[in-house]
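Participant:
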Amino acid sequence: MAGFDSLFGIYQYFYAIPADLEDDGAEVYVTQVPQFNATEARGEALLAQVEEILAVSGAEKVNLIGHSHGGLDVRYVASVAPELVASVTTVGSPHGGAELADMLRDGLSEGGFGEAVLSFFADSLGDVLALISGSWGTEQDSVAALEALTYENSVEFSAAHPAGVPEDWCGQGDFVVDGIRYYSWSGDRALTNAFDVSDPLLGLTNLVYDEDNDGLVGECSSHLGKVIRDDYRLNHLDEVNQAFGLVHLFGPNPKSLFRAHANRLKNEGL
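Taken in order, the sequence shown gives residues 1 to 270; the numbers are from the UniProt record's numbering.
This is how it looks when you write it as structure tokens:
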């Protein structure tokens, strides 16, 4: 949600991660979907880009990695076009819903003034992000995006696209489904670096949750397939090396986590 490839062609969402992977020989494509919309709409936009990437690269399949709402998008693509996907990896994604989304949705009357205000400002933010990241024209629907991350809609989405979803809360899901390998990891800290301007906001949203979380997604909600770890000293934005790589002094380097995972996929023959 609110994602981009890079702002003004300079500031990357996956900050400094693609270049780091490329330095080690990986072929990296950063995709971009509507900043605010339902998972299915975002997933269809991603699917079109996957098909384009395969056509350009000559590869038979892709390894998909999605952060936050992007983790649901990559699950959608793997579900509707499994022949195009070698692996799915989600990072800090709310497969079991996000308590903050439920709180916000419950506080907004359907069709009411509050919903209209949220829709106007969030959709406008999405349009601005799309403009400065070079994807102007993508359709924004922030109410649909919010609903996609509620517990109820997460259950419905997982019923339609069940691959890798744990049968038991906080368990691990099937590692291989239809030949596709499923992985996940996440952090469990909201406040990680006093110099990171995003930390106070995540420290506030953290208060909504009953379980350990990264500021926006609970540990157990992030589980999909083989859970690499759900307790890294990372908050939701640290997981993609934001802001400007200001992460926990004693936590992992996010670039190292992605590089290690690329090696993991390579060792699996993917």
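The beta-carbon is built from N, C-alpha and C at its ideal position, and this holds for glycine as well.
Among the residues of its own chain, which have a CB less than 7 Å from the CB of L146, if the five just before and after it don't count?
Facilitator: These residues qualify, in order along the chain: A101, L104, R105.
Participant: Taking Cβ positions, are R233 and F258 nearer each other than 8 Å?
Facilitator: Cβ distance not < 8 Å, so R233 and F258 don't count as in contact.
Participant: In this structure, how does DSSP classify I132 when only helix, strand and coil are distinguished?
Facilitator: Three-state DSSP puts I132 in a helix.
Participant: Count Cβ pairs between the segment 23-36 and the segment 135-152 that sit closer than 8 Å; are there 3 or more?
Facilitator: Touching, yes, given that three or more Cβ pairs across the two stretches are closer than 8 Å.
Participant: Is the segment 73-85 touching the segment 110-125, taking contact as three or more C-beta pairs under 8 Å?
Facilitator: Result no; under three Cβ-Cβ pairs closer than 8 Å.
Participant: Quick one, are the C-beta atoms of S184 and S222 less than 8 Å apart?
Facilitator: Cβ distance < 8 Å, so S184 and S222 count as in contact.
Participant: On the CB-based measure, 16 or more other CB atoms within 10 Å of its CB, does G71 come out buried or exposed?
Facilitator: Result: buried.
Participant: Report the rounded CA-to-CA distance for P166 versus G58, giving the unit in angstroms.
Facilitator: C-alpha separation (whole angstroms): 34 Å.
Participant: DSSP puts N213 in a beta bridge; with which residues?
Facilitator: The partner list for N213 (beta bridge, DSSP) reads G218.
Participant: Ignoring anything shorter than 3 residues or poking outside the segment 86-146, list the beta strand (DSSP E) runs there in chain order.
Facilitator: None, since the segment 86-146 contains no complete beta strand (DSSP E) of that length.
Participant: Give me the residue from G9, H261, V30, I228 with the minimum Cα distance to Q49.
Facilitator: Nearest option by C-alpha distance: V30.
Participant: Would you mind stating whether G203 and D238 have Cβ atoms separated by less than 8 Å?
Facilitator: No.
Participant: Would you tell me roughly how many angstroms separate the C-alpha atoms of A260 and E52, rounded to the nearest one?
Facilitator: Computed Cα separation, rounded: 27 Å.
Participant: Going by CA-CA distance only, name the one from H161, A190, H95 that's closest to V177.
Facilitator: If we check each option's Cα against that of V177, H161 comes out closest.
Participant: What alpha helix (DSSP H) runs, 4 residues minimum, are completely inside the segment 144-171?
Facilitator: Here the runs fully enclosed are 151-160.
Participant: Would you report the Cα separation of A26 and N263, rounded to the nearest angstrom?
Facilitator: Going by the C-alpha atoms only, they are around 9 Å apart.
Participant: From what residue to what residue does the alpha helix (DSSP H) around G43 run?
Facilitator: That run of the alpha helix (DSSP H) goes 39-57.
Participant: Out of curiosity, what's the CA-to-CA distance linking V56 and Y15?
Facilitator: If I take the Cα positions, the gap works out to 25 Å.
Participant: To which residues does DSSP link C228 through a beta bridge?
Facilitator: It is worth fixing the name first, because residue 228 is Ile in this sequence and not Cys. BP columns for I228 are empty, so no partner.
Participant: Please name the residue in K266, T90, T39 whose C-alpha comes closest to that of L64.
Facilitator: Nearest C-alpha to L64: T90.
Participant: Please go through the same chain and pick out, in chain order, the residues whose beta-carbon is closer than 7 Å to the beta-carbon of R8, but skip the five residues on each side of it.
Facilitator: Here residue 8 is Phe; the residue named in the question, Arg, does not match the sequence. Excluding sequence neighbours, F8 sits near I132.
Participant: Between which two residues does the beta strand (DSSP E) harbouring residue 282 extend?
Facilitator: Missing from the structure shown is residue 282; the chain here goes from 1 to 270 and no further.
Participant: Just to confirm, is the Cβ distance from G225 to G164 under 8 Å?
Facilitator: Yes, the Cβ-Cβ distance between G225 and G164 is below 8 Å.
Participant: Can you tell me the Cα-Cα spacing of Y76 and I10, whole angstroms?
Facilitator: Between Y76 and I10, the C-alpha separation is close to 29 Å.
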